[in-house]
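Undergrad: Provided herewith is a single structure, encoded as structure tokens, for subsequent inquiry.
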Amino acid sequence: MSNTNLYERYQRQIILPGFGEKGQRELLQAKVIVVGAGGLGCPALQYLTAAGVGTIGIIDDDVVSLNNLQRQVLYSVNDIGFSKAERAALTLSQLNTGIKIISYNERLTTQNALMLFKQFDIIIDGTDNFSTRYMINDACVLLKKLLVYGAISQFEGQLSVFRNEKDGDVNYRDIFPEPPMDGEILNCAEAGVLGTIPGIIGTMMANETIKLITGLGEPLINQLLTYSATNNLVYQFSLTARKDTRSLIPENEREFLKTDYEWLCSPAIISDEIDAEMFNSFLEAGNIDVIDVREPNELPGVYEFPNIKIPLGQLPGTAAELKAGTIITFCQTGSRSLKAARILNGIFGKSKKVYSLRGGILGWKKLKQSV
Amino acid sequence: MSIHIILFGRLADIAGSSVSLDNVADTDGLVRALHSTYPALAESKYVIAVNKQVITSNTSLDENSVVALLPPYSGG
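Protein chains in written order, with our numbering: chain A, 298 to 668; chain B, 3 to 78.
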């Protein structure tokens, strides 16, 4: 396309103060991937394509269905039954022929996420489930990638930008450290959603992305914006990074590849917890591996019984070294160790018995003092 | 002293979109009072913001404090 055509196409934004031809060049050079071509993905993709983001990736393994059309505005009845990623790419390529649109008709998994994200500058999370959201968040933290986050339910939406560049930058786990179990929070299929909500939030996600690329204004870094359609209330909350959440994220790419995010959100597999008295009987019987999943510097120290120190984040990679047929995990209060037990259950299946010490080491020490 | 609380999403279905509570000095006390009045809240996942700052530990409240309870959303 000639420069005259380029100027003509983008003239309305090029003449904006602070935008200019420089802003347009930055957009044309940018690479953005949208995960999920659904309610949030459709408007985000539409505006990013129209604005001239030079390379746009779309990943989604779903097909268009009739009940999508109420809010997923890129599709028509002719698209029903066809790949969302491919149909979205087709429609978008007709909107703007001067950019590159790459469709991935596949599910985002731990096996393809890192490789894909490395090829893009900004990741947009338009997914509809917690296991993928946590996986995207963790991948972006590991790769230090900008993540534009949006989520919706019924008449409301949330929006944030996770910069993942330096210490103190907030990520999704600083707001909600642990994923809820499947079914704990209702999704759109169960709770419903007004079609305009993903339109509003998805468009705001495109807006934040354009701001990040061009350096315009103040993106929602370390801020959470909420919008309620029923009363038109918009709130902006300040966020701060938490010290205890980094250990929940896989320590490196190798650990990430071994993490089963669907398992972490699955209510079907409930790990067994044991109380402090039961734990003592296990200790007496012997032939167990006891694992301290706390971070190395956490107090109190535990010298009363043999234990292996493996912080939660390193667990998937180190699990193979565990030899005993019974494993008991513990942490401070019993929350992280339950998570650890679920991870180990996922690795070992029925080949080992895995228990978490309920009440944690604090509860155990308390019992010991009282005896 | 009356504390104003705003609730979002499913939390508003449980307790209403706005609640006022008397005689709570900090967020731990506020959570205890809310959970005893609305037991379904105790089963719900949410974070607390005080004066538009999301908090991660117990925070003292005064009569001008505005508290918000924010649930995670999964939809996209």
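We treat Cβ as the ideally placed atom computed from N, Cα and C, and that holds for glycine.
Under 8 Å, with one C-beta from each stretch per pair, do the region 535 to 554 of chain A and the region 594 to 611 of chain A reach the 3-pair mark?
TA: yes
Undergrad: When the cut-off is 9 Å and only beta carbons count, does Cys-485 (chain A) lie next to chain B?
TA: yes
Undergrad: Mind listing the chain B neighbours of Gly-335 (chain A)? Cutoff is C-beta to C-beta under 7 Å, in chain order.
TA: Gly-78
Undergrad: At a CB-CB cut-off below 8 Å, which residues of chain B make contact with Val-490 (chain A)?
TA: Gly-77
Undergrad: Name, in chain order, the residues that DSSP records as bridge partners for Glu-453 (chain A).
TA: Answer is A:Ser-450, A:Ser-525, bridged to Glu-453 (chain A).
Undergrad: So is Asp-376 (chain A) buried or exposed if we call it buried at 16+ other beta carbons inside 10 Å?
TA: Buried, since its Cβ has 16 or more Cβ neighbours within 10 Å.
Undergrad: What does Gly-11 (chain B) reach in chain A if we use C-beta pairs closer than 8 Å?
TA: Ser-450, Gln-451, Glu-453
Undergrad: On a CA-only basis, which of B:Pro-41, B:Lys-47, B:Val-26 is nearest Ile-5 (chain B)? Give me that one, please.
TA: B:Val-26
Undergrad: Please look up how many angstroms separate the CB atoms of Pro-340 (chain A) and Ala-503 (chain A), rounded, as I've assumed it's under 8 Å.
TA: 7 Å
Undergrad: Restricting to Cα atoms, I'd like to know which of A:Gly-598, A:Pro-597, A:Asp-589 is closest to Leu-619 (chain A).
TA: A:Asp-589
Undergrad: Assign Leu-619 (chain A) to one of three DSSP states: helix, strand, or coil.
TA: Coil, per DSSP.
Undergrad: When you compare only the Cα positions, how much space is there between Glu-505 (chain A) and Gly-656 (chain A)?
TA: 43 Å
Undergrad: Keeping to the same chain, check which residues put their C-beta closer than 8 Å to that of Glu-559 (chain A); ignore five residues upstream and five downstream.
TA: Ser-428
Undergrad: Taking the C-alpha atoms as reference points, what is the distance between Ala-17 (chain B) and Tyr-40 (chain B)?
TA: Roughly 7 Å between the two C-alpha positions.
Undergrad: Using a C-beta cutoff of 9 Å, does Ala-51 (chain B) count as contacting chain A?
TA: Ala-51 (chain B) counts as touching chain A.
Undergrad: Check each candidate in A:Asn-461, A:Leu-596, A:Arg-591 and name the one with the smallest Cα separation from Gly-631 (chain A).
TA: A:Arg-591
Undergrad: From the DSSP secondary-structure annotation, give me the bridge partner or partners of Gln-55 (chain B).
TA: A:Ser-535, B:Val-52
Undergrad: Between Leu-440 (chain A) and Asp-464 (chain A), what straight-line distance do the alpha-carbon atoms span, to the nearest angstrom?
TA: 14 Å
Undergrad: In chain order, what are the residue ranges of uninterrupted beta strand (DSSP E) at least 3 long that sit wholly in the region 369 to 432 of chain A?
TA: 397 to 401, 419 to 422
Undergrad: Can you tell me whether Ile-624 (chain A) is helix, strand or coil according to DSSP?
TA: strand
Undergrad: Report yes if the CB atom of Ile-356 (chain A) is closer than 9 Å to the CB atom of Val-329 (chain A), and no otherwise.
TA: Contact check for Ile-356 (chain A) against Val-329 (chain A) fails: the beta carbons are separated by 9 Å or more.
Undergrad: Buried or exposed for Leu-363 (chain A), going by 16 or more other Cβ atoms inside 10 Å?
TA: Leu-363 (chain A) comes out exposed.
Undergrad: If we define contact as Cβ-Cβ less than 9 Å, is Ser-525 (chain A) a contact residue for chain B?
TA: Closer than 9 Å: yes.
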